[in-house]
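A.B. asks: Take this structure first; my questions come after.
Here's what the structure looks like:
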């Protein structure tokens, strides 16, 4: 019925010569062509802008709820930063470190980071490796990840009352946490560690305090942190790896589990020697593979126990 | 003067000499006993492993002539495993903390001394050594390499080698050697921790890792640990 009507109309149009039916084909093709050009253009535009735009949008509006997040363009989802989903920045996979000269330096940086005892031995004065406090080779959130630190420098620090570059910050790690001396600025080690950090932070915004940065700020416990209770927590949860005496486990001259105090541990100027940092790190990450398992009180108590022991002096005090 | 002093101190000196002699004798006897005792351990353990005993099947029937394990049946490698770990497992089979139809009756039949002996024997056998020309990696062993050396922190899973030693050789006494272990055995144990059918790990440390693993990850890491000489690069 409908088709016969359409056929009649088509024939009549042909014969009156007022409207040639080929026009329909023309219009359809023109629409497709224009649409195609617009689609291709937006696609290219989106691919180019994707890594940068969502990062800024999302981190500028951390309070957004789920409903609002859903309104964001779909292209935002595969970006490295999915903070708009309440998520955490995801650094690149070490397997994807590029080949070539820059890649080699990034890889050296990773090696220094995970095996500081071998690759930067001249600057280390204890038995530790960077990765002891920065888990997953500096990638793990709530374990002072490099990607969250890199974009926060230069910055003024109370610790030395001046504006610090990222290299200055790394130097601090060597001086305090590694109880050693800073590798020279512009030297092989500094360049490699900075390159590795830069590479991990690829796609992260500059100057934005990202989720998972540093160690978590824990709420105050119900009871004041107590060394004696902390000793009990330590023996039940930590001693299996760190030893009943907290001196770690040494195998063939290398610490397979790090010493927590004493001459081979971080010095009194290190961030980890402050009870709030220690409690935050421990609660989020310890025992290894069981992060979040200790309750608030236990985390503060065991942090108190650990930080109450003797360790190498703060070099800033020794100089006076 | 000298003579007088010497006579005055003579009784006390003799007494001191006697004490010294006694201590020395005691030390010698103790050291001898300890050394012979230790070697007897290993020898007795070896006999037990190879010939069995009253109500005790010879270990080598299932675990291989050199303690290398048996892949087809999933019987684990024992050679080179830490003594303290082996003792703990035999005790766990005996007191029911670890379930296994074959091992429970055997472990129950062993005396405490025999458990020590046989653990000592297997700990003393050469452990796994990397072969000169390891076979090429597959995408599966590459995943296993990654899990063993770096873990999968997106799921909160630490690297195997973070606790089991830099190349899986284990860290005595709590963390057993994994390198060269029969893959079907490792797979079965990871699944047992997941299911809660094995739970004799200290502080639930192994369970908390196993429950985070997918079947694919368990298969990959078990295969990799059987030959951890592979560097994870797919050729």
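Protein chains in written order, with the numbering used here: chain A, 13 to 332; chain B, 14 to 248.
C-beta: ideal position from N, C-alpha, C; glycine also.
(1) Identify the contact partners of residue 184 of chain B in chain A, using a Cβ-Cβ distance below 9 Å as the criterion.
(2) Please classify residue 200 of chain B: does DSSP put it in a helix, a strand, or coil?
(3) Roughly how many angstroms separate the alpha carbons of residue 182 of chain A and residue 123 of chain A, rounded to a whole number?
(4) Would you kindly work out how many angstroms separate the C-alpha atoms of residue 88 of chain A and residue 101 of chain A, rounded to a whole number?
(5) For residue 100 of chain B, tell me which candidate among B:128, B:80, B:69 and B:119 has the shortest Cα-Cα distance.
(6) Which residues of chain B have a Cβ atom closer than 8 Å to the Cβ of residue 152 of chain A, listed in chain order?
(7) Check residue 20 of chain B in the structure and name its three-state DSSP category.
(8) With 16 as the cutoff for other CB atoms within 10 Å, does residue 9 of chain B come out buried or exposed?
(9) Determine which residues share a DSSP beta bridge with residue 184 of chain B and list them.
(10) From the beta carbon of residue 300 of chain A, is the nearest beta carbon of chain B less than 8 Å away?
(11) Please tell me whether residue 95 of chain B has its Cβ less than 8 Å away from any Cβ of chain A.
(12) In the stretch 112-134 of chain B, which residues sit with their C-beta less than 9 Å from some C-beta in chain A, listed in chain order?
(13) Compute the beta-carbon to beta-carbon distance between residue 210 of chain A and residue 154 of chain A, rounded to the nearest angstrom, for a pair I have assumed lies under 8 Å.
(14) Return helix, strand or coil for residue 69 of chain B, following the three-state DSSP convention.
(15) Could you have a look at residue 19 of chain A and say whether DSSP puts it in helix, strand or coil?
(16) So that I know if they touch, is there some Cβ in chain B lying closer than 8 Å to that of residue 249 of chain A?
(17) Roughly how many angstroms lie between the CA atoms of residue 141 of chain A and residue 266 of chain A, to the nearest whole one?
(18) Helix, strand or coil for residue 90 of chain A, going by three-state DSSP, please let me know.
(19) Could one say the Cβ of residue 224 of chain A lies closer than 8 Å to chain B's Cβ atoms, at least one of them?
(20) Hey, does residue 112 of chain A have any beta-carbon neighbour from chain B nearer than 8 Å?
(21) Quick check on this structure: which residue in A:288, A:170 and A:158 has the alpha carbon closest to the alpha carbon of residue 179 of chain A?
(22) Is it buried or exposed, residue 323 of chain A, if we count other Cβ atoms within 10 angstroms and call 16 or more buried?
(23) When you check each C-beta in the stretch 136-160 of chain A against every C-beta of chain B, which residues fall closer than 8 Å?
(24) Is any beta-carbon of chain A found at less than 8 Å from that of residue 241 of chain B?
(25) Restricting to Cα atoms, I'd like to know which of B:173, B:235 and B:239 is closest to residue 301 of chain A.
(26) Residue 172 of chain A to residue 184 of chain A, Cα distance in whole Å?
(27) Report, in whole angstroms, the separation of the C-beta atoms of residue 237 of chain A and residue 258 of chain A, which I expect to be a contact under 8 Å.
(28) Starting from the beta carbon of residue 303 of chain A, find every residue of chain B whose beta carbon is closer than 9 Å, and list them in chain order.
(29) Name the residue from A:326, A:247 and A:165 whose alpha carbon lies nearest to the alpha carbon of residue 282 of chain A.
(30) Residue 225 of chain A lies in the alpha helix (DSSP H); which residues open and close that run?
(31) Just the Cα atoms here: how many angstroms apart are residue 204 of chain B and residue 223 of chain B?
(32) Comparing alpha-carbon positions, which option in A:206, A:52 and A:189 lies nearest residue 118 of chain A?
(33) Quick one: residues in its chain with C-beta nearer than 6 Å to the C-beta of residue 198 of chain B, no 5 flanking neighbours on either side, listed in chain order?
(34) Taking 8 Å as the threshold (beta carbon to beta carbon), is residue 218 of chain B in contact with chain A?
(35) According to DSSP, what are the bridge partners of residue 170 of chain B?
(36) For the stretch 208-222 of chain A and the stretch 129-136 of chain A, state whether three or more C-beta atom pairs, one from each stretch, are separated by less than 8 Å.
C.D. replies: Taking the coordinates as given:
(1) 253, 261, 263, 268 and 269
(2) helix
(3) 15 Å
(4) The predicted position of residue 88 of chain A is uncertain, since its pLDDT is 37 and thus under 50; no value can be drawn from it.
(5) B:128
(6) 166
(7) Bear in mind that the predicted position of residue 20 of chain B carries a pLDDT of just 47, short of 50, making it too unreliable to give a figure here.
(8) Here chain B comprises residues numbered 14 to 248, so residue 9 of chain B is not present and cannot be evaluated.
(9) B:188
(10) yes
(11) no
(12) Legend: CB atoms of the stretch 112-134 of chain B lying less than 9 Å from CB atoms of chain A are not found in any residue.
(13) Going by Cβ atoms, the distance from residue 210 of chain A to residue 154 of chain A rounds to 21 Å, so no, they are not a contact pair.
(14) strand
(15) helix
(16) yes
(17) 10 Å
(18) Residue placement at residue 90 of chain A cannot be trusted, given a pLDDT of 39 that sits under 50; what the coordinates show is reported in the next sentence. Residue 90 of chain A falls in the coil class under three-state DSSP.
(19) no
(20) no
(21) A:158
(22) buried
(23) 147, 148, 149, 151 and 152
(24) no
(25) B:173
(26) 10 Å
(27) No, residue 237 of chain A and residue 258 of chain A are not in contact; Cβ-Cβ is about 17 Å, not under 8 Å.
(28) 169
(29) A:326
(30) Careful: residue 225 of chain A lies outside any alpha helix (DSSP H) and carries neither H nor E.
(31) 7 Å
(32) The residue with the shortest Cα to Cα distance from residue 118 of chain A is A:206.
(33) 87 and 89
(34) yes
(35) B:165
(36) At 8 Å Cβ cutoff, the stretches do not touch.
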